[in-house]
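All you need for this note's numbering is the position in the sequence shown, starting with 1, plus 18. The C-beta atom is built at its ideal place from N, Cα and C for all residues, glycine as well. As structure tokens, the structure follows; a few thoughts come after it.
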Amino acid sequence: MVIMTAIDIVILSNGPGELATWVRPVVRALRQQLGDRLTRRGFPVPIQAFWWLE
19 MVIMTAIDIV
29 ILSNGPGELA
39 TWVRPVVRAL
49 RQQLGDRLTR
59 RGFPVPIQAF
69 WWLE
């Protein structure tokens with residue numbers, strides 16, 4: 019008997035470069051393993067959130 023445990027995987031990216039270089043391949047590999055059980059969500063951050071960089 020195989021017992022599957024539900025887990026949550028949260029991937030945080032801080033820019034489009036990360037999305038292109040490591041997030042996309044990781045999500046692709048997870049999709050191969052998890053199939054339809056993978057859900058993606060994107061939460062845009064307004065540039066005003068980076069006020070401390072000024």
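Quiz item: So residue 21 packs on residue 48, CB below 8 Å; how close in whole Å?
Solution: By one-based count along the sequence shown, residue 21 stands at place 3. By one-based count along the sequence shown, residue 48 stands at place 30. Contact doesn't hold; Cβ gap of about 20 Å is too wide.
Exercise. Might you give, ordered along the chain, the residues of its own chain that have their beta carbon closer than 8 Å to the beta carbon of residue 29, omitting 5 neighbours on each side?
Key: Reading the sequence shown from its first residue, position 11 is the one you call residue 29. Here the set comprises 41, 44 and 45.
Quiz item: Using DSSP with H/G/I as helix, E/B as strand and the rest coil, what is residue 33?
Solution: Translated into positions along the sequence shown, residue 33 becomes position 15. Reduced to three states, the DSSP call for residue 33 is coil.
Quiz item: Roughly how many whole angstroms lie between the Cα atoms of residue 31 and residue 51?
Solution: Stepping through the sequence shown from its first residue, residue 31 is reached at position 13. Stepping through the sequence shown from its first residue, residue 51 is reached at position 33. Rounded to the nearest angstrom, the two C-alpha atoms are 21 Å apart.
Self-check item: Collapsed DSSP secondary structure at residue 60 in the structure displayed
Solution: As a first step, residue 60 is located in the sequence shown; it is residue number 42 there, counting from the start. Coil, per DSSP.
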